[in-house]
Amino acid sequence: MEQSEAVVIGAGQAGLSSAYFLRRYGIEPVVLDAGQGAGGAWRHRSPTLTMEKVHGVFDLPGLPQREADGDGERPAAEVVPAYYAAYESGTGLHVVRPVRVTAVRDGAAGRLVIETDAGEWAARAVINATGTWTRPYWPYYPGAAGFAGRQLHYAGYRGPEEFAGRGVVVVGGGASAMHVLSELAGVAAATAWVTRRPPVFRDDDFGLDARREAVALVDSRVRAGLPPQSVVSATGLTYSRVVRESMEKGVLNRLPMFERIVEDGVLWADGTHLAADTIVWATGFRAALDHLAPLRLREPGGGIRVDGTQVAKEPRLQLVGYGPTASTIGANRAGRTAARNVRALLSARAAA
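Numbering (my numbering), first residue to last: 22 to 373.
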């Protein structure tokens, strides 16, 4: 069993930020990552999601991005992993991959034991930065098993070409749905956009005050031990490039959520039927935290109660990329906070 003062699980933005600040505070972490290479979830995004379409990829601490001519038209799945790889190399961070963490348990001598498919580590502190990409959320609707067409989650979307001539229902009210709708227009035979709640579009520039309000809404839920809500439920939709494209192409005609799925489409409670042979579930993701189950962290409300990044039930564990820190804006700040908490924990134990 390998011994370490701190282990970081995940090498996406939040994980790399956490590892960077740990080193700044004199703590050399081990970073475990399940990916075959650098880039986190960005490695798996659709090749049609170019840099000019994304909300923005924020600089990692200590090494700004170097934008090259034509980067805006390149897939984010190429540009961001290349930046993360350069970051790992340039900062000297030691990332062990591919390593899949299967469980985190209470261990001997006040340490947490991290069980993986590549061995075990024992650490005085753990920063979990496993994100959400590996847990796409598929809501259940009656009749789904009898649908004769194809169903896929946004995680498996790879561009509009395969939907040429098809009737597609896109479910979801966030940026992912906007991306799909903007690309299917003019390619699919027909598209329908369905959401549980009417979408809220922001007319402002989503400045600092608005961001703080959105973060505060999510933060209040995780402090109460409730599962975090989707980002768009707190922020609304801004008029991004893909939103403007969707509006210009006339595909943002929102329909309320259907009641059930039938063999050849979807059906509403009033009997309205819409024929379709494809359903794209752009319904978001959930935090990938199954490996933490042995620590019994869940509250009665179903979430994990967190104060900033500190897990209330387990002071040796920090969650970054969870709740109010689950954004590219908040990941760097969360990494700094988590590293400070680890430093304080280790200092207090050393003093004791």
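Each residue gets a CB set at the ideal place from its N, CA and C atoms; glycine is no exception. Just so you know, these numbers come straight off a predicted model, no measurement behind them.
With 16 other Cβ atoms within 10 Å as the buried cut-off, status of residue i
i: Gly193; result: buried
i: Asp54; result: buried
i: Gln339; result: buried
i: Ala359; result: buried
i: Phe168; result: buried
i: Thr123; result: exposed
Distance cut-off 8 Å: residue i Cβ against heavy atoms of the ligand SAH
i: Leu84; result: In terms of ligand content, the structure shown is empty, and the ligand SAH therefore cannot be addressed.
Counterpart residues of residue i in DSSP-defined beta bridges
i: Pro157; result: Phe306
i: Gly342; result: DSSP output for Gly342 lists no bridge partner at all.
i: Ser143; result: With the sequence shown as reference, residue 143 is identified as Ala, and Ser is not the correct amino acid for it. Answer is Gln24 and Val134.
i: Asn149; result: Ile30 and Leu340
i: Ala213; result: Val190
i: Ala124; result: Glu136
i: Pro163; result: According to DSSP, Pro163 bridges with nothing at all.
i: Glu335; result: Val332
i: Arg244; result: Per DSSP, none; premise fails for Arg244.
i: His294; result: Leu288
Supposed close pair residue i, residue j - CB separation, criterion 8 Å
i: Ala146; j: Val363; result: 4 Å
i: Ser25; j: Ala144; result: 5 Å
i: Ala213; j: Leu276; result: 6 Å
Proximity to residue i [Cα-Cα], best of the options
i: Asp185; options: Ala209, Tyr178, Ala198 and Leu367; result: Residue identity differs from the one stated: residue 185 is Ala in this sequence, not Asp. Here the closest residue by C-alpha is Ala209.
i: Thr151; options: Tyr343, Leu366, Arg361 and Asn353; result: Tyr343
i: Leu258; options: Leu273, Ala98 and Ser368; result: Leu273
i: Tyr158; options: Ala308, Leu316, Ala143 and Ala355; result: Ala308
i: Tyr260; options: Ile148, Arg132, Gly195 and Ala139; result: Gly195
i: Met22; options: Ser267, Gly180, Thr137 and Val264; result: Thr137
i: Glu311; options: Thr153, Leu295 and Pro160; result: Strictly speaking, residue 311 in this sequence is Asp, with Glu absent from that position. Of Thr153, Leu295 and Pro160, the residue nearest in Cα terms is Thr153.
i: Trp142; options: Arg156, Val120 and Pro160; result: Val120
i: Val117; options: Gly271, Pro315 and Gly140; result: Gly140
i: Asn149; options: Gly305, Ala373 and Val327; result: Val327
i: Ala296; options: Gly170, Lys334, Gly329 and Ser197; result: Gly170
Within-9 Å CB hit, residue i to chain D
i: Val363; result: Protein chain content of the structure displayed is limited to a single chain, and chain D is not contained in it.
(request) Determine contact between the region 273 to 285 and the region 156 to 169, defined as no fewer than three beta-carbon pairs at a distance below 8 Å. (result) yes
(message) Closer than 8 Å is the cut-off here; do at least three beta carbon pairs connect the region 292 to 308 with the region 187 to 207?
(response) yes
(request) Would you check if the region 312 to 330 and the region 197 to 206 touch, i.e. whether three or more CB-CB distances between them fall below 8 Å? (result) no
(message) Quick check: the region 42 to 56 against the region 173 to 187, are at least 3 beta-carbon pairs closer than 8 Å?
(response) no
(request) Evaluate contact between the region 65 to 72 and the region 86 to 105, counting only Cβ atoms and requiring at least three cross-stretch pairs below 8 Å. (result) yes
(message) For the structure I just gave you, are there three or more beta carbon pairs, one from the region 129 to 144 and one from the region 80 to 93, closer than 8 Å?
(response) no
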